[in-house]
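**Q** For the record, in the sequence shown the residue sitting at position 7 is 8 according to my numbering, with numbers rising by one throughout. Here a beta-carbon is modelled for each residue, glycine too, at the ideal position from N, C-alpha and C. If you're wondering where the values come from, they're calculated on a predicted model, not measured in any experiment. Mind looking over this structure? Questions follow.
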Amino acid sequence: MALESLFKSIHTKTSLSSSIVFIFKGKACLLTSKSRIQESFAELNSFTSLVLLIENHVLLHAREAVNEVQVVNDSSWDELVIGSETPVLVDFWAPWCGPCRMIAPIIDELAKEYAGKIKCYKLNTDESPNTATKYGIRSIPTVLFFKNGERKDSVIGAVPKATLSEKVEKYI
C-alpha cells in the first residue's frame, strides 16, 4: 500500500517528542511507537478517508479510491449516496434475480475502471425495500445514477457494459 510507505517514511524521519495521529473516518489512531504503526495499517486498510496530523498540524488528507462495489442499505443511503461528492452508480438487485447475477460482474468491472471517479454501490431490494420504493424500483436489475445527491439517470434490465459505461462517462 502506497500510504503505508509514506507513513513509515514520515514516522522514521520525524523527530517529534509528540505523537503522530492518524484520523480516518472520524476514528483516531495514536502512534506513540514504531510497533504501533504496523498495527495501525491493518485498521487503515478498512477505511477510505484519512487525515494525518503531526503536532496538531494537518500534514496530509488523502482518500483512497475504492475499486469494488460496496453495499448500501436503507440506513446508510443518505450518507453514502445522497451525501456523496463523487458521482454514484447504484445497482438495485436481489439474490434470486437471474439478470441481476448477469449484470453484477459488469458493475464490478466499472467499479475498477472508474475507481476514484465514481462510487459503485449495490442495494438488495429484499433487505432495503424502503429505498427501492422511494425511487420507484419496480423491476430489477435497475441501475440509478446520482450526482450531487440528485438522481440523474436510470437503466433498467441486464444491459451491455457499453450502455452503462456511456452513462458513467456522462456524469463523471
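Per the DSSP calculation, Leu165 is bridged to which residue(s)?
**A** Answer by DSSP bridge pairing: none, since Leu165 is not bridged.
**Q** Can you list, in chain order, the stretches of the alpha helix (DSSP H) that have 4 or more residues and sit fully within the region 93-156?
**A** As far as the region 93-156 is concerned, its whole alpha helix (DSSP H) runs of at least 4 residues are 99-114 and 130-135.
**Q** Report the residue from Phe147, Ile157 and Ala163 whose alpha carbon sits nearest the alpha carbon of Glu86.
**A** Checked all of Phe147, Ile157 and Ala163; the closest Cα to Glu86 is Phe147.
**Q** Answer with buried or exposed for Thr164, where buried requires no fewer than 16 other C-beta atoms within 10 angstroms of its C-beta.
**A** Under this definition Thr164 is an exposed residue.
**Q** Quick one, are the C-beta atoms of Val89 and Lys123 less than 8 Å apart?
**A** No, these two residues do not count as a Cβ contact at 8 Å.
**Q** Kindly list the residues whose CB is nearer than 7 Å to the CB of Ala95, restricted to its own chain and excluding five residues on each side of it in sequence; keep chain order.
**A** Around Ala95: Cys101, Asn125, Thr126, Asp127 and Ile141.
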